[in-house]
Amino acid sequence: MPEKLTVRDYRFILICIALAAISLVITVKYFYTAFPEASIKFDVTRDQSRPVAEQFLLQRGYRVENHRHSVIFGYDYEARVFLEKEMGLAQANQLLGTKIKLWRWQHRWFRPLQKEEFRVDVTPQGEIVGFQHLIREEDPAARLTSQAAQAVAVECLTQMLKKDLGTLEFVGMKSEQRPNRTDHTFTWKDKDFAFQGSSYRFEVIVQGDRVGSYQEFLKVPEKWNRDYQKLRSLNETAGRIDLALTVLLGFALLVMLIRHLRRGDIRWKTAVIFGLTAAGLDCLSSLNSLSISEFYYDTTESYGSFLTSTLFFSIFSALFQGALICLITAGAEPLYRNRFKDKISLLNLFGWRSLRTKSYFLSLILGLTLTPCFLAYQTIFYLWANKLGAWAPADVPYDELLNTSIPWVYVLLSGFFPAVSEEFMFRMFSIPFIEKLVKSTGLALVLAGFIWGFGHAGYPNQPFYIRGVEVGLAGIVVGLIMLRFNILVVLIWHYTIDAAYAALLMLRSDNPYYILSGSLTAFIFFIPLLIALVSYIRAGGFESGAGLTNQSEITPMSELEEVPVVAEPVSEIPYPPLSAKRIWFAVGVVGLLLSLYALKVERIGEYVDFGATRSQATHIADEFLQAKHVDPRQYNPVLYAHSEFDRLAAKYVLAHSDIKTLNDMFGQQIKSALWAVRYFKPLQKEEYIIYVDPRDKSVYTFEHIIAEDAPGADLTESQALSIATAFLRSQGLDPDEYELVESSSQKRPARRDYRLIWQARPGDPRNVGEATFRLRLDLQGDEVSRFQRFVKLPEGWVRERQKATTLLTIRFWSQALLLGVLGFFAITIFITSARHGLIPWRPTLWLALGITGIVFLDVLNNLPLLYQDYETSIAPTVHLVTKTAESVRALVGVFIAAIFGLGLGTALYPQMLQLLRPPHRGRLARDASISALLVIGAMFGFDQVRSLLVNRFPAATTIPSSLIPRDLDTALPALSHLASAVFGTLVVVIMVGLIVHVTQRYLKNPIGMILALLMVMPLLVPNQARTGGEFLFNLATVGLSIGGALALVRGVLRNNLLAYPASVFLVMCFQSGYDLTSQSTAFFIINGQILFAIVAAVIVWLIHSRSGQQTDGGRERTRGLEDSLKVHE
């Protein structure tokens, strides 16, 4: 019998209508008072601004018909916030519309793979406020003097841009010698504008004898920037703490997901539907943003590569977002279903039958009513908060989504993704989960609400907690509504409010398509409401809701028995021990490889030697400061290893010379392996960084950082050059051997700063090919504040090196696809194994805790580096809290990864658990220790083979980003290397085990295996290999490595499950020990010896396991197998 609306229902509907009407009145009347907008008068639209820009270029003699064009609406966010916050919005709006040209249509014309491009900025009033003509640095043009070039710049300002030079004050200039021209940069500021240390500036760049760039901008004072960073740091810290709590909730969700997996209580169909919807919307939204992405297109990339990368990124992003939504839905739904049995089930949330029920109809009304109610709540909240001093940047009445092909896709995604992810995570899952933990529904509502609320603390609203409080209070109310009604109500509300905000500009436009599509997507839930209403009228009532609630979805407890961990006897893998003949043959091969060390080779980076300890480096830096009459005790010091190694420059040197030249360049001419001692004071800009050469135990260079308004001398250029050349002589450098190629000066509030760059003269042996050896010196007033040696590479070579082709892009994304496929297999196997009770959870959890514990010790071991990246504009306590939150997230991530890896490994190879018992470990121990030693020898032998090949073909090799051994700057380097070896062993062994499993299952035919290997090998070549020669060289070395690995697996490791983790762990420890003992400092040598001792101890332990197995005999073997089965329980 149809279900009718009752008097109570009509009363409920009328109340909803009344609330919505009152809320709309409040919102319409006060919304823009609570949330003011920046005032922008669009006299010239986006399309109308293009002819203005093109006409400007045509007047300069530039035609852009054969160029690709892209345009966006842009502005300087920092300048906008400064003016709004310090002036107030009303005064800022008036200023931004007249004197300061902040808003602009930014046009760009470019050609793929060509550096030359044009940019023109046009204000909404049709004025030109920016122009840039990018050309190659080797393009020829005139070599004007600075005076002649300044005349060209002045003509640009007065004639071309109609500026009154009498209203401008000259600020500074820069001259730079290019290969075939001289470029000059000139900067003026408006005399009539000075607000709290800011200035409105005009910059002209003259390339040869033509203007190559013009821009006008607001220079925001540095002190305000630092103060604002300090203010924002509280928002960011609150957000990071909340993110750590959210990560813990996410871990809890994974735990509950696994528990329900073991019970067979996951509704995968529902999860997959939500996941696919999210993936589809995300992919469409990414592809829809192509026109915006094109504005940021890098011309070192082919256009085909750009399109390919965009497509692959859209697909991978969609898969990730879809998987995330699927995971959240799968983990949260069982708790919702079992806790709220009378609510509509998630599976029936959008079914046709559900749509025609009374509860669904009322849920639609309430969900839609909550939207204007929430708008009114926010309006009232911020009206009140603003009166008490709260502040937030004004909204900008423009969004680039209006320039996309289908802007309503973004509206759908903006509504769907946050609604589903946040409501499922913080309402559907968190409330019942926390309720079970704390035994209080009220406390669960508060905690879930405010964890969700402070996830929004990163917004720029001030004070930092205001947004968290506003959203958190709403979260409590929304949680109550879910408890009283159902998840559908809050989903409708959350989708509609977010989608409405996203569509607001579309709804306010005068374009009918925007208005219609924005309305349909933002208020899409009015469609099912109308359908339900029509159905009610036509049928004379609603259908019964029986069978649509969670109660009908609950599986009987008798069928929900948790699948026990399988305790069936695990048969031992037949393992024939290594024969003496095989062992001696392997020893001979490895010995032959190691004999290659008799051949002398030059290794990249062999100059690296930290002969000075950390305390010695600090003492040297202290003495340097004391010589400058600076008391280091007034500063907080932090020491860390620093690399000046430039991988791109090193590649150029190898392409045009040899390894010896490279080592001389970065070991002698440029000291690239250094200790850096940083001296800072909290909340003060001034700091020193002293770079100590650990080989000759002396100061190599230094930096002195001071505030831009700090006082100092105002030198002439000749005075600055005199001080600079005297400094060069003090460093043992002859200024006559160099030519000045760049000189710039900048007027600060209370001093003048200079930057001077010299280049070694032609014929200097430090110049390699077209690359030149350079010196850079910075003067702050009359003090040298920074000195640096570096290599300047030819721009054409750099662009060619950075060029990304379609083939390179396909290879990169194919690598990602390969990892994605392996990840898919890993997740599938893990889920299936957990469902069928094949994962022994107790030993897995204990081992994961052990690994996480070791990583935690490494976190403590890194405490000496706690303030290495400390920003002095924020409070130290804020930095400490931020680092703590990051460490918590990292440790949770390590724990989850360890559980997943160990669970996957024991599911794939259940015999591995036998290794926890001495009898079974002993059976494999002798061969495992022999295998590990052979693998160590083979790894070092192959390294020598590669070094020989690199010496023969230096131009084809790839170069690491840093040559300094890891973790030298930790409290105990051996501990950091040990932690890396433990976690690295887990990753490598599980990865290899997964690959072997997939190969054996799906590639049983040897021909298929060979073909698969041939297809995969090119994907293992480093992406740094760009040329054909580099690719072939690295393909050959990859082939040698794979061949050697397969030989070791086939001939030595075989099916010895103990040999694999033992070999990987010992190789990592031995390599780290070798790196540390290669340093000449006793401290590092001792740390290396500790790692060697760990290697020896593991081998002794393995041998002892063998001897114990021989002593105990067969009786203990049987008992050990029985004991190992207990571990599964």
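In my numbering, the protein residues as written are 1 to 1129.
Heads up, the beta-carbon is just placed ideally off N, CA and C, and yes, glycines get one too.
Cβ neighbours of residue i in the same chain (closer than 7 Å, five flanking residues each side left out)
i: S1105; result: P918, R921, G922, A925
i: A539; result: P2
i: L1032; result: none
i: A938; result: V590, L593, G1044, L1048
i: K685; result: R226, I705, I706, A707, T872
Secondary structure of residue i, DSSP reduced to three states
i: K600; result: coil
i: E78; result: helix
i: A641; result: strand
i: L866; result: coil
i: T772; result: strand
i: Y410; result: helix
i: L1164; result: Absent from the structure is residue 1164, since the part of the chain shown begins at 1 and ends at 1129.
i: V677; result: strand
i: A567; result: Confidence in A567 is poor, its pLDDT being 49 and thus under 50, which makes the residue's placement too unreliable to answer from.
i: V52; result: helix
i: R267; result: coil
i: N636; result: strand
i: E400; result: helix
i: V489; result: helix
i: A394; result: coil
Length of the line joining the Cα atoms of residue i and residue j
i: V1038; j: V1016; result: 11 Å
i: L1102; j: M912; result: 15 Å
i: N1087; j: E623; result: 28 Å
i: I241; j: S595; result: 55 Å
i: E65; j: M428; result: 56 Å
i: R80; j: G1043; result: 60 Å
i: F454; j: R647; result: 42 Å
i: D1075; j: F312; result: 39 Å
i: Y652; j: A771; result: 8 Å
i: L370; j: L19; result: 9 Å
i: I497; j: P418; result: 11 Å
i: L1019; j: S814; result: 7 Å
i: A655; j: I959; result: 12 Å
i: F1065; j: I896; result: 21 Å
i: L368; j: R484; result: 16 Å
i: R267; j: V7; result: 37 Å
i: V692; j: L168; result: 45 Å
From the options, residue whose alpha carbon lies closest to that of residue i
i: K191; options: V171, R210, G208; result: V171
i: I451; options: L1058, I874, V469; result: V469
i: I531; options: R582, S354, S657; result: S354
i: L319; options: L335, Q1024, G280; result: G280
i: Q91; options: F42, P124, E37, G61; result: E37
i: G850; options: V894, R889, A826; result: V894
Residue(s) in a DSSP beta bridge with residue i
i: E203; result: T187, Q215
i: K174; result: T185, S744
i: F110; result: R68, E117
i: N1133; result: One cannot answer for residue 1133 here, as it falls past the ends of the chain, which runs 1 to 1129.
i: R799; result: Looking at the DSSP assignment, R799 forms no beta bridge with any residue, so it has no partner.
i: V122; result: W105, I128
Contact set for residue i: own chain, Cβ-Cβ below 8 Å, skip 5 residues either direction
i: D664; result: none
i: F361; result: L529, A532, L533, Y536, F542
i: S363; result: I344, F485, N486, L488, V489, I492
i: T123; result: V44, K101, W103, R104, W105, V129
Own chain partners of residue i with C-beta closer than 6 Å, once the 5 adjacent residues on each side are dropped
i: F31; result: T379
i: A974; result: N1087, I1090, L1091
i: L949; result: none
i: N235; result: A457, G458, F464
Closer than 6 Å: residue i CB and nearest the ligand FMN heavy atom
i: V490; result: You won't find the ligand FMN in this model; it holds no ligand whatsoever.
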